[in-house]
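In full-length UniProt numbering, the protein residues as written are 1 to 386. C-beta: ideal position from N, C-alpha, C; glycine also. Comments concern the structure below.
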Amino acid sequence: MIACIKVAWRFLTKKKLQSLVIILSIAIAVSVQIFIGLLSKGLERTLLFKIVGNAPHITVYSKDGAINSWQEKIDKLTSKKGEIVSAIPNVDTQGYVKLKDISEPILIRGFTSEDVNKMYKIKSKIYKGKLFQNEGEAILGNDLKERLGVKVGDKISITTPWGKNKEFIVTGFFDLGNIKLNKSWIITNLSDAQYFAGLQKDNKIRSIEISINNVYGADREGKIVEKLLNDKDLKVENWKQQNKLIVSGLMGQKVCTVVIQFFVLLASVLSIVSVLSISVVQKYKEIGILKAMGMKNSKTSLIFFFQALFIGVLGTLIGIALSMLYIKGFNKYILTEEGVPLVNIIISRNFILKSALISIIASVFASIFPSIKSFKLNPVEVIKNG
Numbered sequence: 001m002i003a004c005i006k007v008a009w010r011f012l013t014k015k016k017l018q019s020l021v022i023i024l025s026i027a028i029a030v031s032v033q034i035f036i037g038l039l040s041k042g043l044e045r046t047l048l049f050k051i052v053g054n055a056p057h058i059t060v061y062s063k064d065g066a067i068n069s070w071q072e073k074i075d076k077l078t079s080k081k082g083e084i085v086s087a088i089p090n091v092d093t094q095g096y097v098k099l100k101d102i103s104e105p106i107l108i109r110g111f112t113s114e115d116v117n118k119m120y121k122i123k124s125k126i127y128k129g130k131l132f133q134n135e136g137e138a139i140l141g142n143d144l145k146e147r148l149g150v151k152v153g154d155k156i157s158i159t160t161p162w163g164k165n166k167e168f169i170v171t172g173f174f175d176l177g178n179i180k181l182n183k184s185w186i187i188t189n190l191s192d193a194q195y196f197a198g199l200q201k202d203n204k205i206r207s208i209e210i211s212i213n214n215v216y217g218a219d220r221e222g223k224i225v226e227k228l229l230n231d232k233d234l235k236v237e238n239w240k241q242q243n244k245l246i247v248s249g250l251m252g253q254k255v256c257t258v259v260i261q262f263f264v265l266l267a268s269v270l271s272i273v274s275v276l277s278i279s280v281v282q283k284y285k286e287i288g289i290l291k292a293m294g295m296k297n298s299k300t301s302l303i304f305f306f307q308a309l310f311i312g313v314l315g316t317l318i319g320i321a322l323s324m325l326y327i328k329g330f331n332k333y334i335l336t337e338e339g340v341p342l343v344n345i346i347i348s349r350n351f352i353l354k355s356a357l358i359s360i361i362a363s364v365f366a367s368i369f370p371s372i373k374s375f376k377l378n379p380v381e382v383i384k385n386g
């Protein structure tokens, strides 16, 4: 075994330029594979945050526009052990915010302060002021703040098209990273939103918003929610149903990434097969002499196995280092107008380890054809033909 390793290393170092080229080709293939894989995961994570980060994973609506006995339904959902993280009541209604001569259309979103933070982590997104605590208090998005020119502590008047009106104290401003939401959302107490929607008297709500652990399992979990509630007057929707085009785009992007990675890996494997096959031809005489000296066919085959292993390991290690450089460069130079990375690529050790193992195993498999060729080599014919 040790003799095979030594001969394999000698064969590899004898043709230094050839070995360097093949190792670099493996390194580039591995680096591209890792970079594309992590970029794809980063893109998926970024898109999911933009879609799901400011929206519930599952929403329960009433077909007649209002849900009654909602606390009982929420208790039923949260008592179930499983994927559900939280289930909160919500009231949404259209309105206008007025300040002096300015009037802006808005979406009034009503929650309890504990619930809105539980679902949207709103406290971490408030950059000035604080979350509302009492009735008659509200927080605004930063784009709406700029349009109205308000500051913390100012009073604003909110009215609806059906004539309901109330004055609010601005307690803070949030940034959800979405211009549309920052421009239109005013988040206030649940009871205030119920007043505007005409639901306060009967203590009804518009919807129950649910967050779950695994966002990809929203469709499956939605069916479980439907069975748990067992109410024909309720409709259950998940974020996948509400964003079918984006979900289909994410799936297409995943497939494309896998296809690209496969062909990059295939190209690197074929290059190893090609180089090792040429190496067998170039080393005919040496292999013949080794066999004539008593080296078994299996051991001469192992020489090319170890050559492929050396190439695979060296190429993979260099490839990992190159991929780290690509990622560092991408995160540093490919930025948005705000100066943050366009896609935040996070280094996944598990993914890199899996990619490295696949690359090394593929490299070893590439040695099969040259090893068989070496195994079948007849030393008598080689020495006879010179």
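Reduced DSSP secondary structure (H/G/I, E/B, other) of residue i
| i | result |
| --- | --- |
| F174 | strand |
| T59 | strand |
| W162 | coil |
| T46 | helix |
| Q94 | strand |
| V343 | coil |
| K244 | helix |
| residue 426 | Look at the range of the chain in this structure, 1 to 386, and you will see that residue 426 is not part of it. |
| E83 | coil |
| residue 424 | Past the boundaries of the shown model lies residue 424; the chain is included only from 1 to 386, so the question cannot be answered. |
| G252 | helix |
Rounded distance between the beta-carbons of residue j and residue i, thought under 8 angstroms
| i | j | result |
| --- | --- | --- |
| V364 | G312 | 6 angstroms |
| F308 | S367 | Rather than Phe, the amino acid found at residue 308 in this sequence is Ala. That pair is a contact at about 3 angstroms. |
| I139 | T171 | 6 angstroms |
| Y96 | P105 | 6 angstroms |
| I224 | A87 | Wrong, their Cβ atoms sit about 12 angstroms apart, outside the cutoff. |
| L199 | V91 | 6 angstroms |
| G217 | I26 | Not quite, the Cβ-Cβ distance comes to about 37 angstroms (not below 8 angstroms), so this is no contact. |
| K155 | D192 | Actually they do not touch by this definition, with Cβ atoms about 14 angstroms apart. |
Per-residue burial, residue i [other beta carbons within 10 Å of its own, 16 or more giving buried]
| i | result |
| --- | --- |
| T13 | exposed |
| T300 | buried |
| K100 | exposed |
| N214 | exposed |
| N189 | buried |
| P56 | buried |
| D143 | buried |
| A3 | exposed |
| E83 | buried |
| Q71 | exposed |
| T59 | buried |
| D115 | buried |
| Y127 | exposed |
| L17 | exposed |
| Q133 | exposed |
| G153 | exposed |
| I360 | buried |
| T336 | exposed |
| I102 | exposed |
| E137 | buried |
| I334 | exposed |
beta-carbon residue i near the ligand MG non-hydrogen atom, thresh 6 angstroms
| i | result |
| --- | --- |
| T13 | Within the structure as shown, the ligand MG is missing, as the structure has no ligands at all. |
Q. Is the segment 190-210 in contact with the segment 64-71, if contact means three or more CB pairs nearer than 8 angstroms?
A. The segment 190-210 is in contact with the segment 64-71.
Q. Counting pairs of beta carbons, one from the segment 214-233 and one from the segment 115-126, are three or more of them closer than 8 angstroms?
A. No, they do not touch.
Q: Pair every Cβ in the segment 181-192 with every Cβ in the segment 100-111, then say whether three or more of these pairs are closer than 8 angstroms.
A: A contact between stretches requires three or more CB pairs, one per stretch, nearer than 8 angstroms, and the segment 181-192 meets this requirement with the segment 100-111.
Q: For the segment 303-333, list the alpha helix (DSSP H) runs that are entirely contained and at least 4 residues long, ordered along the chain.
A: For the segment 303-333, there is no continuous alpha helix (DSSP H) assignment of 4+ residues that stays within its boundaries.
Q. Can we say the segment 17-34 touches the segment 323-340, given the rule of at least three CB pairs closer than 8 angstroms?
A. As far as the Cβ criterion goes, the segment 17-34 touches the segment 323-340, which means the pair count is three or higher.
Q. Would you say the segment 335-353 touches the segment 267-280, given that touching needs at least three Cβ pairs under 8 angstroms?
A. Contact between the segment 335-353 and the segment 267-280 is absent: fewer than three C-beta pairs spanning the two stretches fall below 8 angstroms.
Q.
Suppose only complete runs of 3+ residues qualify. What are the beta strand (DSSP E) ranges in the segment 6-51, listed by chain order?
A. The qualifying runs do not exist here; there are none.
Q. For the segment 186-222, which segments carrying the beta strand (DSSP E) assignment without a break, of at least 3 residues, lie completely within its bounds, in sequence order?
A. For the segment 186-222, whole beta strand (DSSP E) runs of length 3 or above, ordered along the chain, are 207-212.
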